[in-house]
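Reviewing the structure listed below.
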Amino acid sequence: MPLKKVKKNTATELSLEWILHVKNYRLTLDKKYCVNCQICSLACPKEAIIIDKQKEKQDINKLDIDLKKCNFCGICDIICPFGAFKITQNGEKSISVVEKKSFPRLIRNIKINSSACPKECTDCESSCPLELIKISKKNFDGKHINDIDKMSKNQKNRIKIEINIKKEHCPTCRVCEFKCGSGLIKVQKNIEGKILINQEKCPSECRKCVDACPIPEALDISKDLKKVQVNELFC
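Per the working numbering, the sequence shown starts with residue 773, numbered consecutively.
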């Protein structure tokens, strides 16, 4: 049993700790990346993750974790599509169910051929709904370029493009892949499935699910029926 259990809840972070003689287990929820999808709550074998229905009605972050039930197994960490959870042991990333090979991991397979990127293109960066993509442009000596418009054609040809993606937070929605006009991005979806909507029960012009979805183009309201429809490419 732990010598001490600690729970802290701030506006930006929820953290739980088990403090033992030689080990310190810590679970952190970064509220910036949590979209309240509730997958963690459904997957938790200890039913330690709680959805506050009252806060849900107020449209605020409604997730809480019961420190008495949580055993720091790490399933919430590896199942979260948005990488909002982090489990550490003595400050180092450590997930027991992964080490014991008792639970599958989400695969974030994202490939970008940045060497062929058009020098002035920023489509992937601007299209990412979660702002996880950052493009940096460097000249031949490795210095960052701030204003590409002032460069000559010869100088532009020597630009090196670097595309950095926060892969641990990427839900693999594939928006960047389809927005890339040069076809240089390939994203493998890490979760396959379908959403079935009973449009007969869907109130006309209601947008609650559309507004709640963190991927803007995954759900839309049809122009003819005024009902919600799913875009399977991004959902």
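All C-beta atoms in this analysis are idealised placements derived from N, C-alpha and C, irrespective of residue type, glycine included.
Exercise. So the beta strand (DSSP E) Q927 belongs to, where does it begin and stop?
Worked result: Segment K925 to N929 is the alpha helix (DSSP H) holding Q927; no beta strand (DSSP E) there.
Exercise. What is the residue span of the alpha helix (DSSP H) that L746 lies within?
Worked result: Since the displayed the chain opens at 773 and closes at 1007, residue 746 lies outside it and no answer follows.
Exercise. Taking T944 as the reference, which of S887, G855, K865 and A888 has the closest Cα?
Worked result: G855
Exercise. Considering D802, what are the terminal residues of the beta strand (DSSP E) in which it resides?
Worked result: N796 to D802 is the extent of the beta strand (DSSP E) around D802.
For this session: Can you give me the start and stop residues for the beta strand (DSSP E) that E785 sits inside?
Result: E785 to I791
Problem set entry | Extent of the continuous alpha helix (DSSP H) run through I851 | I847 to I851
For this session: Tell me, please, which residues DSSP counts as bridged to I823.
Result: Residue pairing of I823 in beta bridges, as defined by DSSP: L835.
For this session: Starting from K998, follow the alpha helix (DSSP H) in both directions and report where the run begins and ends.
Result: Neither: K998 is in no alpha helix (DSSP H) and is coded neither H nor E.
For this session: Please state if the CB of K858 and the CB of T800 are separated by a distance shorter than 7 Å.
Result: yes
Problem set entry | Expected contact under 8 Å - CB spacing of T860 and R798 to nearest Å | 5 Å
Exercise. Between which two residues does the alpha helix (DSSP H) harbouring E871 extend?
Worked result: Under the DSSP assignment, E871 falls in the alpha helix (DSSP H) whose first and last residues are S868 to E871.
Exercise. Is the distance from the Cβ of I933 to the Cβ of K909 below 7 Å?
Worked result: yes
For this session: Take E892 and list the residues in its own chain whose beta-carbon comes closer than 7 Å to its own, dropping the five residues that flank it on each side.
Result: I920
Problem set entry | Three-state class that DSSP yields for E1004 in the structure shown | coil
For this session: Specify whether the segment 839 to 849 and the segment 803 to 818 touch according to this definition: at least 3 beta carbon pairs, one from each stretch, less than 8 Å apart.
Result: Result yes; three or more Cβ-Cβ pairs closer than 8 Å.
Exercise. When we look at the beta-carbon of F912 and count the other beta-carbons within 10 Å, is it buried (16 or more) or exposed?
Worked result: exposed
Exercise. At which residues does the beta strand (DSSP E) containing D992 begin and terminate?
Worked result: Segment L991 to I993, the beta strand (DSSP E) holding D992.
Exercise. Under a three-way DSSP split, which group does F950 fall into?
Worked result: helix
For this session: For H916, write down the residues that DSSP places opposite it in a beta bridge.
Result: K910
Exercise. Exposed or buried, what is I821 when buried is set at 16 or more other beta-carbons lying within 10 Å of its beta-carbon?
Worked result: buried
Problem set entry | Alpha-carbon spacing of K922 relative to K928, whole angstroms | Approximately 10 Å, taken between the alpha carbons.
Exercise. Shortest alpha-carbon distance to N862 belongs to which of V794, S899 and S898?
Worked result: V794
Exercise. Is the segment 968 to 979 in contact with the segment 987 to 998, if contact means three or more CB pairs nearer than 8 Å?
Worked result: yes
Exercise. Comparing alpha-carbon positions, which option in R946, I967, C1007 and V807 lies nearest L956?
Worked result: The option with the nearest alpha carbon to L956 is R946.
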